[in-house]
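Following my numbering from start to finish, the sequence shown increments by one per residue and tops out at 503. The C-beta atom is built at its ideal place from N, Cα and C for all residues, glycine as well. Being a predicted model, the structure only gives us computed values, none of them experimental. What follows is one structure encoded as structure tokens, with my remarks underneath.
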Amino acid sequence: MKKKPSRRGSHSTHKHLPPPKRRPSQKKSSPGTVPYVWAIAALEGTQDIVRDELTGRFGKSCSFIDHPRNDEIHLRFTDDPRELLSLSTAQTLLLRRDFDVIRPRTLLSPEHTAAVVRLFSDAQNIKGVSPPASFRFDAAGSGSPTMRRIAEQVEKQLGIPFDPETGDGVLVFRPGKPGWEVMCRVGNRPLATRDWRRVNYLGSLNAAIASCMVELTRPARGDRYLNLMCGSGTLLIERLRRLQAQLAVGIDISDDALTASKHNLEAAGFTDRVRLISGDAQDICFPDASFDAIATDLPWGERLGSRETNLTLYRGTFKETARVCRAGGKWVVLTQDIDSIRTVLAEAQDLWNVIDERTILQRGYQPFCATLQRK
Ligand SMILES: C[S@@+](CC[C@H](N)C(=O)[O-])C[C@H]1O[C@@H](n2cnc3c(N)ncnc32)[C@H](O)[C@@H]1O
């Protein structure tokens with residue numbers, strides 16, 4: 129389900145640049161004196177879970193600010209900003225500054241360009257952040273002459289190249305209410321890109337979505353947890369990063385998937401805490417009521433599986449999970465094959481209560497996620 133982020137613009141100036149004079153992280157400034165706001169990119173359909181993580185972990189250190197976007201949470205944060213780097217349900221962390229200008233062209237003034245450069249530097253000066261080696265713009269009209277001139281000025285002052293296609297630092301420009309909002313992504317990659325991912329298995333789940341699914345199981349230390357159809361182990365690793373479990377099991381029918389899980393679990397340091405089993409989701413090698421919580425990212429029938437066979441596979445899987453899940457236990461299940469899951473959910477009403485359902489919007493994909501409780 130991974131898709132490469134689209135990069136806007138086509139102009140690159142970095143070939144003509146002298147070697148970088150300094151890294152942005154070396155520029156010292158004091159963010160405390162600048163009116164910044166934090167913006168947290170949270171996929172539509174997961175905002176409530178991301179807010180719960182923020183309030184659950186940081187409480188009064190967060191004061192939320194209204195913002196019209198459905199895929200971002202804006203806030204002031206009075207604790208150490210490093211803490212925000214460990215958010216597990218969010219996609220990206222950004223630092224925002226508002227500019228009282230009507231047109232981006234005004235941002236070309238030396239005073240405004242310096243403020244944009246400072247925003248970029250401050251966003252990277254948080255301890256533990258890997259600073260970008262280049263930057264790109266995320267803006268409507270990012271290839272326009274004005275934006276190119278802004279890029280040239282910022283490039284000169286930052287000392288790292290503007291690379292509109294693959295820049296690993298991101299500056300977002302967009303109209304605000306009023307004026308313009310400029311936001312800089314913290315670090316050289318999204319929060320949802322995890323260090324533990326060594327193997328990029330086909331159809332691997334976005335780790336922040338996996339983390340949201342884990343939250344929907346309401347994790348507890350005593351859980352016997354099953355990640356059925358575990359693929360590369362995303363839902364296993366995100367569960368164990370959140371909280372230890374009494375038992376953690378990953379089952380998949382594919383040897384490649386199990387090898388991917390093994391490597392990722394090793395990198396995460398969880399090898400000893402997980403049982404990986406080769407097997408069919410429709411014939412699970414555990415006795416009845418063995419699990420308190422189950423999480424499954426089903427084959428969507430696009431790159432993995434097929435729409436023709438999904439209905440049969442989902443039916444068999446629903447029957448088996450109902451057998452191995454204890455009464456009152458939860459199963460969080462995700463797929464983009466809405467027809468098949470809706471059919472099977474309707475057929476399984478005697479076995480499962482649907483306690484939550486949501487559609488998650490992720491760059492062109494709209495997977496459906498249901499949280500079920502065993503009757
Ligand atoms: C969408 S992928 C899961 C990806 C995983 N969440 C990850 O992050 O890598 C679905 C997985 O279901 C597995 N699968 C398909 N049919 C299966 C079956 N009958 N029993 C067990 N696993 C099955 C596939 O091998 C694949 O790894």
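In this structure, T362 has its beta carbon less than 7 Å from a heavy atom of ligand 1. Less than 8 Å separates the beta-carbon of D296 from that of S262. Distance from the C-beta of I379 to the nearest heavy atom of ligand 1 is below 7 Å.
G331 has its CB nearer than 7 Å to a heavy atom of ligand 1. In this structure, DSSP gives E211 a helical state, which the three-state scheme calls helix.
Taking 7 Å as the cut-off, the C-beta of L441 counts as close to a heavy atom of ligand 1. Counting along the chain, no beta strand (DSSP E) covers F446; the unbroken alpha helix (DSSP H) around it starts and ends at 435 to 452. Excluding residues up to 5 positions away in sequence, A373, Q374, D420, A421 lie with their Cβ nearer than 7 Å to the Cβ of D351 in the same chain. Distance from the CA atom of A388 to the CA atom of P238, rounded to whole angstroms, is 50 Å. Comparing C-alpha distances from R233 to each of V461, M275, L221, R210 shows the shortest one belongs to M275. In its chain, beyond the 5 residues on either side, D416 have a beta carbon closer than 7 Å to the beta carbon of R451. By the 16-neighbour rule on beta-carbons within 10 angstroms, P495 is buried. M357 and L371 have their alpha carbons spaced roughly 21 Å apart.
Relative to ligand 1, the nearest heavy atom lies less than 7 Å away from the CB of Q410. In this structure, R224 sits near A167, with a CB-CB distance shorter than 8 Å.
By the Cβ rule, the region 403 to 417 counts as touching the region 437 to 454, because three or more pairs are nearer than 8 Å. Taken from the Cβ of P318, every heavy atom of ligand 1 lies 7 Å or farther away.
Assignment of C358 by DSSP, reduced to helix, strand and coil, places it in the coil class.
In this structure, the CA atom of A335 is about 7 Å from the CA atom of T321.
About 14 Å separates the beta carbon of L330 from that of G361, a gap too long to meet the 8 Å contact definition. When distances are taken from the beta-carbon of S339 to the heavy atoms of ligand 1, even the shortest one reaches 7 Å or more. Around the beta carbon of R491, a 10 Å sphere encloses fewer than 16 other beta carbons of the protein chains shown; the residue is thus reported as exposed. Around the beta carbon of P347, a 10 Å sphere encloses 16 or more other beta carbons of the protein chains shown; the residue is thus reported as buried.
The alpha-carbon separation between F301 and C497 amounts to approximately 32 Å.
Contiguous beta strand (DSSP E) elements confined to the region 228 to 299 occur at 263 to 266, taking only those with 3 or more residues. Put simply, of R210, N253, G378, I365 the residue whose alpha carbon is nearest the alpha carbon of F398 is I365.
In terms of side-chain proximity, the C-beta atom of W480 is found no nearer than 7 Å to any non-hydrogen atom of ligand 1.
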